[in-house]
Amino acid sequence: MATRLGKAILKPENLRIPAVADAVRDASCDVMVVAAYGRILPAEMLGIPRLGCLNIHASLLPRWRGAAPVQRAILAGDVATGVSIMQMDAGLDTGPVLLRIEMPIGARDTAGALTESLAMAGASAIVRALDSLEALHPQAQDEALATYAPKIEKAEASLDWTLSAEALDRRVRAFNPFPGATARLAGETIKIWEARPDDRQGVPGQVMEARDGELRIACGAGSLRLETLQRPGSRRMGASEFMRGFTLVPGAGFGSPNASEY
């Protein structure tokens, strides 16, 4: 939009370069808005805009401060999340909150789908906040309720079949689209993109059913019906098509990849 409107665009690799601060200062902006920036703004930068710097954060602060609030909310089994418009300070997502928008987390929401929904909500929320910025009342965050959402590491994507089906379902959804939940089968690391929990019981990691398009794996409690999978170097495919490439029978075992296999 800035390009279409002929506005100046600055893409600094380092915000601590004096020339960058000078350029922002010369813009004489009233407020600065940060969205999914992934870097801490220096104190000097925070003090430049007349009305400060605002951050669009994809959680109901102070819950899930940090880099991966959407994925951590799904992993924790939260029933709701949202968007917080906050005034930035020197801490990591610690500033006072101006506006919150709550959103339910659906039973089938993936991190990708939920992020898209929150992005739309965040766009609307920041416009509302900017329209009435000087009338909004900042609310300090309750530190006793704060939780941290560290970035997602690839090693977390390995499925531990001793966990409950509900916990594994949350992992599959939280790691879609990145990095993709993984399991070991017949010497290959398989990515699992879609699955559904069930209450049928079996030996954790064993195939309970592999016919008529149904691929069901036993978990520590309940079982997981695998719906969309992907072999290395291949495309995503449904369970029926996937099973045509493997001879799977009840009792066969799914394992958990080691971190060294990534």
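Residue 263 is where the sequence shown ends in our numbering, and the numbering goes up by one at each step. By construction, the Cβ of each residue, glycine as well, lies at the ideal position given by its N, Cα and C atoms.
Applying the 10 Å Cβ sphere with the 16-neighbour rule, what's the burial state of F1?
Residue 1 lies beyond the stretch modelled for the chain, which goes from 2 to 263, so this question has no answer here.
Please report the Cβ distance between L119 and Q88, rounded to the nearest whole angstrom; I am assuming they are in contact, meaning their Cβ atoms lie under 8 Å.
About 19 Å; that fails the 8 Å criterion.
So what does H58 bridge to, in DSSP terms?
S85
Nearest-angstrom Cα distance between F176 and Q72?
Note on geometry: alpha-carbon atoms of F176 and Q72 lie some 7 Å from one another.
Quick check: the region 168-188 against the region 135-152, are there 3 or more CB pairs under 8 Å?
no
C-alpha distance - I75 paired with A112, whole-angstrom precision
7 Å
In DSSP terms, what P105 is bridged to:
A81
With a CB to CB cut of under 6 Å and the five nearest residues on each side skipped, what residues in its chain are close to V173?
Contacts found: A182, I193, A196.
In chain order, what residues of the same chain lie with their CB nearer than 7 Å to the CB of A81, ignoring the 5 residues before and after it?
E103, M104, P105, I106
Can you tell me which of P63, R212, G92, L216 puts its alpha carbon nearest to the alpha carbon of Q140?
P63
Which of the three DSSP states, helix, strand or coil, is assigned to Y263?
Residue placement at Y263 is flagged as unreliable, the pLDDT there being 28, under the threshold of 50; the coordinate-derived value follows with that caveat. Note: Y263 maps to coil in three-state DSSP.
Give the straight-line distance between the Cα atoms of L100 and S60, rounded to the nearest whole angstrom.
12 Å
Please return the same chain residues whose Cβ sits closer than 6 Å to the Cβ of A260, not counting the five positions on each side in sequence.
Low per-residue confidence applies at A260: pLDDT is 36, beneath 50, and the placement is therefore not dependable, though the value from the model is reported in the following sentence. So the list reads A156, once near-sequence residues are dropped.
With a threshold of 16 other CB atoms inside 10 Å of the CB of G234, please say whether the residue is buried or exposed.
Exposed, because fewer than 16 other Cβ atoms sit within 10 Å of the Cβ of G234.
To the nearest angstrom, how far is it from the Cα of F179 to the Cα of S159?
12 Å
Would you grab the beta carbon distance between I57 and I10 for me? Rounded to a whole angstrom, and I think it's under 8 Å.
So it is not a contact: roughly 19 Å between Cβ atoms.
What residues in its chain sit with their C-beta under 7 Å from that of L227, if we drop five residues either side in the sequence?
Scanning its chain for C-beta atoms nearer than 7 Å, with the 5 sequence neighbours on each side dropped, one finds around L227 the residues I193, A196, L216, I218, A240, in chain order.
Nearest-angstrom Cα separation, counted from I18 out to R269:
Absent from the model: residue 269. The displayed extent of the chain is 2 to 263, so no value can be given.
Counted within 10 angstroms of its Cβ, other Cβ atoms place I41 as buried (16 or more) or exposed
exposed
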